[in-house]
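Report on one structure; see the data block that follows.
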Amino acid sequence: MDFSNIDLSHPPLKDLTISNITENVHAVNSKCTNIRTRLLLEKLVTHLHDFARETNLTTAEWETAIAFLTDVGKTCTPVRQEFVLLSDVLGLSLLVDSLDHPKPQGIGATEGTVLGPFHTHEARAVPHGEMISRDGDGEQMLVVGTVRDTRGVPIPGVKVDVWETDSKGFYDVQYDGYENPDGRAVVRSDEGGGFFFQAIVPVPYPIPGDGPVGRLLATLGRHRYRPSHFHFMFDKRGYDRLITALYLRGDPFERSDAVFGVKESLIVDLKTVSDVDGLAEKYNVKPSTRLLTYDFVLVSEEEVKLLRESKVGG
Numbered sequence: 033m034d035f036s037n038i039d040l041s042h043p044p045l046k047d048l049t050i051s052n053i054t055e056n057v058h059a060v061n062s063k064c065t066n067i068r069t070r071l072l073l074e075k076l077v078t079h080l081h082d083f084a085r086e087t088n089l090t091t092a093e094w095e096t097a098i099a100f101l102t103d104v105g106k107t108c109t110p111v112r113q114e115f116v117l118l119s120d121v122l123g124l125s126l127l128v129d130s131l132d133h134p135k136p137q138g139i140g141a142t143e144g145t146v147l148g149p150f151h152t153h154e155a156r157a158v159p160h161g162e163m164i165s166r167d168g169d170g171e172q173m174l175v176v177g178t179v180r181d182t183r184g185v186p187i188p189g190v191k192v193d194v195w196e197t198d199s200k201g202f203y204d205v206q207y208d209g210y211e212n213p214d215g216r217a218v219v220r221s222d223e224g225g226g227f228f229f230q231a232i233v234p235v236p237y238p239i240p241g242d243g244p245v246g247r248l249l250a251t252l253g254r255h256r257y258r259p260s261h262f263h264f265m266f267d268k269r270g271y272d273r274l275i276t277a278l279y280l281r282g283d284p285f286e287r288s289d290a291v292f293g294v295k296e297s298l299i300v301d302l303k304t305v306s307d308v309d310g311l312a313e314k315y316n317v318k319p320s321t322r323l324l325t326y327d328f329v330l331v332s333e334e335e336v337k338l339l340r341e342s343k344v345g346g
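Taking this note's numbering, the leading residue of the sequence shown gets 33, the next gets one more, and so forth.
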């Protein structure tokens, strides 16, 4: 066999021990020309090896972990991302979002939170005022929002991607025979940075318990519930993409979200539309409709770039 086309110039591997295996792996990987990839693998290998040494990891435990991750992969489908769910329940999703999307302090920039495993790209674009849910059992809710920059200037033309569960706590894609999106839509902010649509009042719900992540939580003695919330994603060129959600105050799971998504600034109080305030007529909804309002503040890409650079420099 001809091995002349194989690069053997890396340091030779021999006499591998518990103490030197890590540095040998780093040496082999050092020829990677992508600096960021090389750094990520170096840190990953270091922490994985240190974890094994610190815990005196057994072969049986390693095999169990491999089987668990294999099961996570097998559970994933085009509409269910079990790996995202695993990242969520370990707090990694929120940590990465906070690191990658820093916010300037003291100017009211809206905080981000977890995307969750049930976002899709199938939501239909709807005009302002449209009802996005076909669930007749849900309590009707009017959502009214504004989008501004950190100087308070309205931002028109922002793509606002929204989604929620039905009144039973299930997303559309969780149903067998799913065909068309429900409980999700895309709207655009107007010239004044405003948008509004109709939905239903969100309810608390359990994350899927029929897969490996659900079994992991049971093993850890943790519940699977998320508090009532409504998802938002804001996207416009020149601004850092914002993935966030609003949580209803007083929810029984407000302080124990299974995926660590709740932040104090994202907890809101629902109001009620009345005849007196003129909102029923303005937005063409019935009096007694529940009302969710929020002023979202986006950070520019330039602001985020400066924040990232300052952290690297620090």
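The C-beta atom is built at its ideal place from N, Cα and C for all residues, glycine as well. For clarity, every value in this text was computed on a predicted model and none was experimentally measured.
For residue i, the nearest candidate out of the options (CA to CA)
| i | options | result |
| --- | --- | --- |
| residue 153 | 98, 243, 213, 161 | 213 |
| residue 30 | 216, 210, 294 | Here the chain comprises residues numbered 33 to 346, so residue 30 is not present and cannot be evaluated. |
| residue 300 | 322, 139, 290, 74 | 322 |
| residue 110 | 274, 123, 151 | 151 |
| residue 78 | 225, 55, 209 | 55 |
| residue 172 | 330, 328, 324, 329 | 324 |
Span separating the alpha-carbon of residue i from that of residue j
| i | j | result |
| --- | --- | --- |
| residue 284 | residue 245 | 22 angstroms |
| residue 61 | residue 72 | 11 angstroms |
| residue 192 | residue 84 | 44 angstroms |
| residue 345 | residue 337 | Caution applies to residue 345, whose pLDDT of 48 falls short of 50 and renders its modelled position unreliable; the model cannot decide the point. |
| residue 176 | residue 98 | 46 angstroms |
| residue 108 | residue 307 | 48 angstroms |
| residue 255 | residue 113 | 19 angstroms |
| residue 258 | residue 277 | 12 angstroms |
| residue 93 | residue 288 | 29 angstroms |
| residue 260 | residue 302 | 12 angstroms |
| residue 64 | residue 53 | 18 angstroms |
| residue 155 | residue 190 | 15 angstroms |
| residue 219 | residue 310 | 23 angstroms |
| residue 50 | residue 102 | 26 angstroms |
| residue 95 | residue 89 | 10 angstroms |
| residue 247 | residue 228 | 39 angstroms |
| residue 330 | residue 252 | 37 angstroms |
| residue 305 | residue 161 | 14 angstroms |
| residue 81 | residue 106 | 26 angstroms |
| residue 33 | residue 42 | 21 angstroms |
| residue 117 | residue 239 | 8 angstroms |
Residue i, DSSP secondary structure in three states
| i | result |
| --- | --- |
| residue 152 | coil |
| residue 230 | strand |
| residue 263 | strand |
| residue 103 | helix |
| residue 237 | strand |
| residue 77 | helix |
| residue 340 | helix |
| residue 219 | strand |
| residue 272 | coil |
| residue 210 | coil |
| residue 70 | helix |
| residue 322 | strand |
**Cβ contact check for the region 221-240 and the region 186-203: 3 or more pairs under 8 angstroms** = yes
**Asked** Taking the runs of the beta strand (DSSP E) that are 3 residues or longer, which of them lie wholly in the region 136-189?
**Response** Within the region 136-189, the complete beta strand (DSSP E) segments at least 3 residues long are 172-180, listed from N- to C-terminus.
**Message:** Quick check: the region 124-134 against the region 253-268, are at least 3 beta-carbon pairs closer than 8 angstroms?
**Reply:** With the rule of 3 Cβ pairs closer than 8 angstroms, the region 253-268 does not count as touching the region 124-134.
**Prompt:** Which parts of the region 42-67 are runs of the alpha helix (DSSP H), unbroken and 4 residues or longer, counting only runs that do not cross its ends?
**Reply:** 53-61
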